[in-house]
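Positions in the sequence shown are counted from 1; adding 300 to them yields the working numbering. In what follows, a structure is listed as structure tokens, so that the remarks can point back to it.
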Amino acid sequence: MDLMMTPKSKRWIAAGISLVALTGGASNSEARQQSAVEAVEHAGNPEQDRRERYDGYRVVRVSIQSERQRRVMTSLELEPYNCRAPLFGATDYMVSPEKFPLLKEAGIEYVVMIENLQKLIDAEWARIQAHHQQRGVDWFAEYKDYAQMRAYTQSLVALRPDLASNFVVGQSLQARDIFGIRVTSAVGGPNKPGIFIHGLQHSREWVTGMSVTYIADRLVRTYETDAEIRSLLDTYEFYIVPCMNPDGYVHTWTTNRMWRKNRRDNGDGTFGVDLNRNWGFQWGVLPAGGSSGATNNETYRGPSAFSEPETTVMSNFVSSNPNMLMHIDVHSFSQLVLSAWGYTAESPADAGLFDTLNAGVVSSIFGVHGSTYVGGPTFTTIYPANGTASDWAYGARNMIGWGVECRDTGQTGFLLPADQILPNAEEVWAGFKWAGAWLRDNGLFISIPGGAPSSVSPDLALPMTIEFGRARQFPQAGSLRLFTRVGSSGGFTESVPSAVIGNLFLGTLPPAPCGSSVQFYVQGQTTSGVTVTFPPGGAGSPLVANVSAVATVFADDAEANLGWTLGAPGDTATSGQWVRANPIGTVSGVPVQPEDDHTVGAGVNCFFTGQGTAGGGAGQADVDSGFTTLVTPVLDVGGLENPRIGYWRWYSNARGGAPETDTFRVDISGNNGATWVNLETVGPAGEGTDGGWFYREFAVSEYITPTSAVRVRFIADDAGTGSLIEAAVDDVVVTADAVCPVMCPADFDENGIVNSQDFFDFVAAFFAGDADFNNDGSTNSQDFFDFITAFFTPC
Ligand code: 0X9
Ligand code: ZN
């Protein structure tokens, strides 16, 4: 992020006197903070509220759509609210009342997320004051300051000294203790794997300290009553540090609610190093934007790696325990689950492991209160960030390093209302538990990326990619094996997959005749000699691929109309109804409506939602104020073997500012549209909601009985406000397994004809004792008679 902190004109209220705003050089707030006395350690006294004010400041979400707009935004020198890089997509800024007219004049689209930041800060403060008066309320009902948080971890230890102990990681720059709580059970012996989790690396992200403390709370309080928690405490040592940036955190309570960095005096009138750019792995590496060398920047990386005491003592503490397995860095806001890498767009060797973890955590979080989080690598999911805690944990310590961005998605941002502390903590806790349990149960990561083949072509060997890497433990080099057999009986043949790159290997499924099956499983060893099998049942329940030719029954590249229905009775959209044409394409940062259909080669047409005019805006002819329906022609799949329906789809709802609630639904009907069953619903968030062509294929019989009157419908819905909705469909195919050619029983050499050669071959096999023609387990005279009968029976 390369935006400069800007001179502000906030008013500084001290003992009822408003000071005149300063201008120039370093920002006013910095100049004032130099003289500010941070004596007010506790926030309970309104008379002593010397906090910086944000009167009339709006938080706006800007969607930068061109190089020109980015230049204009940079020249406005707005303060970023969240640290989204102003390189692409939506970015949040705090805009002073003075700057707001300039933003309006700049002609850049924006959505106001927060009308008046100071109002939210005041409301939060008033609420905290009122809360102080109350007795006996839940600890997680209100935000707690540094001292209260520390006292709470101590009270948890007092409750269960047999499970928990307090520790101090080290001291902050201003000599405050970075305190923590270690929780584990006596079961499981020494050297249990360690799970390290911390919050408040960025001090204004208040909900993170609460969420992390909640994890300690649950571990301590539910060990007796919850078998799952007991197993986690018997498996791991948990190290929990609610606040790794105490100086910054105290500063947010006493002086400036919006403070992110630590409190380093940079010596030039500016303060603070972004601790999450200061860790010593790929520190300050290119590309630009991953951190800043400018002292006044919100992502200032510091003069050198680990220049700050906070990052130094934290990393030393983690390094001092060789059994540390996982590192979780909790931030807010944006509702994300983020993994390596932050410093590069390249995939880490353990991408499959991280994808699995991210997906599991995202769905566990969703399962609690229905919050939608998005998972992915930091660099590509939010922005480049180097010198982060997660990258260091993974890159320098071989730990499973990842992190969470808590609630919300910008409605209140860092000023998340207190009634969301507990729900947020509950969902983070669920994700955390899931990750702990998954690692407990998975010694290694073995998978077949893209899914194990469920059908293979007759008589062809099939190469298959296998991913083999670490999970809780590390793989023994050279220990990967693939076991295969043709059919469902007899021994498995062992082979050694060849190494491709990183954790990827190439194995081969053997050729097999049409109508048979190939069974297979994979095995590998950990460095400590434990065997891990995928799927876990191994030879007892292997993966199965049926051998059959695939027949294409229907293929539609949308170049001609094969009987589709554009629109359906009851559609409510006022614009953007489905058309079949060559799309012009629209852009809002990234393509919103495709400019090209999907078909490779000569095709130009596809189905899509509304054609605008060439050069028109992205909002022209997108779906508005309701939904529009596209229905396929009747597809006859009755009597087919395992019919599948596949299509390429495009969907975009992630542009246009407002939080997205819109979806793209695909349904299937077996009775010509009388009733429908859902195949998939894209969105409101996640993969495939920001444009791009995606292929999806469904086995019809998993949803409906395959009939001669199957139809599929596509519904693009604009249910929310202020959104930019576009959908498209192309290259619909219906495939099925081809029926294997019938072999005459007497065609003993399986060459397709029955002749005297079959007779001679059979007789030779018979006298060799290997002609069990009737499959009863032995070769005897009955086989001879059965063969003779078959030989003289025409087929
Ligand atoms: O920029 C950051 O440091 C984090 N985002 S924030 O808005 N809270 O400042 C992102 C850090 C990404 N890494 C992990 N959370 N693992
Ligand atoms: Zn953060």
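Note that CB positions come from ideal geometry on N, CA and C, so glycine has one too.
Reduced DSSP category for Asp565 - H, G, I as helix; E, B as strand; rest coil: strand
Residue range of the unbroken alpha helix (DSSP H) whose run includes Val879: Not the alpha helix (DSSP H): Val879 falls in the beta strand (DSSP E), residues Trp878 to Ala881.
Cβ-Cβ distance between Pro813 and Asp759 below 8 angstroms: yes
CB-CB length for Gly499 against Pro542, believed under 8 angstroms: 5 angstroms
Cβ-based neighbour list, Thr961, same chain, cut-off 6 angstroms, excluding 5 preceding and 5 following: Pro984, Ala1019 and Gly1020
Three-way DSSP call (helix, strand, coil) for Trp506 in this model: helix
The ligand 0X9 heavy atom lying under 7 angstroms from the CB of Ser690: yes
Phe1091 - DSSP class collapsed to helix/strand/coil: helix
Exposure label - Gly840; buried when at least 16 CB within 10 Å: exposed
Continuous alpha helix (DSSP H) assignments of at least 4 residues falling wholly in the segment 795-882: none
Beta-carbon proximity list for Phe1092, same chain, < 6 angstroms, skipping 5 on both sides: none
Beta-carbon contacts of Glu330 that lie in its chain and below 8 angstroms, excluding the five residues immediately before and after: A caution first: Glu330 carries a pLDDT of 41, below 50, which makes its placement in the model unreliable, though a value can still be read off. So the qualifying residues of the chain are Met305, Gly569, Thr570, Phe571 and Asn596.
Span separating the alpha-carbon of Glu415 from that of Tyr995: 41 angstroms
Proximity test, Leu378 beta-carbon vs the ligand 0X9 heavy atom, cut-off 7 angstroms: no
Of the residues Ser639, Thr644 and His627, the one placed nearest Gln582, counting alpha carbons only: Thr644
Continuous beta strand (DSSP E) stretch holding Leu378: start and end: From DSSP, Leu378 is part of no beta strand (DSSP E); its letter is neither H nor E.
Supposed close pair Arg577, Thr599 - CB separation, criterion 8 angstroms: 5 angstroms
Asn556, DSSP secondary structure in three states: coil
3-residue-minimum beta strand (DSSP E) runs that sit fully inside the segment 672-750, ordered along the chain: 674-677, 700-706 and 744-747
Close-in-space but distant-in-sequence residues of the same chain around Thr672 (CB under 6 angstroms, 5 per side omitted): Ala985
Thr932 - DSSP class collapsed to helix/strand/coil: coil
For Trp993, the first and last residue of its enclosing beta strand (DSSP E): Asp990 to Ala999
The ligand 0X9 heavy atom lying under 7 angstroms from the CB of Thr678: yes
Contact check, Gln819 vs Pro842, beta carbons under 8 angstroms: yes
First and last residue of the uninterrupted alpha helix (DSSP H) at Met614: Pro609 to Ser619
Check whether Ala636 and Ile700 have beta carbons under 8 angstroms apart: Sequence inspection shows Leu at residue 636; the Ala mentioned does not correspond to that position. Result no, Cβ atoms of Leu636 and Ile700 do not sit closer than 8 angstroms.
Local conformation of Gly986 per DSSP, three classes: coil
Reduced DSSP category for Gln1082 - H, G, I as helix; E, B as strand; rest coil: helix
Sequence-distant residues of its chain with Cβ nearer than 6 angstroms to Asp936 (five each side left out): Ser1008
Cβ-heavy atom distance, Glu505 to the ligand ZN, below 7 angstroms: yes
Span of the beta strand (DSSP E), counted from its first residue to its last, around Tyr947: Glu941 to Arg955
Cβ-based neighbour list, Asn566, same chain, cut-off 6 angstroms, excluding 5 preceding and 5 following: Thr595
Stretch-stretch touch, CB-based, cutoff 8 angstroms, three pairs: the segment 776-785 with the segment 749-759: no
Environment of Thr872 [buried if 16+ CB atoms lie within 10 Å]: exposed
C-beta atoms of Met394 and Glu379 nearer than 8 angstroms: yes
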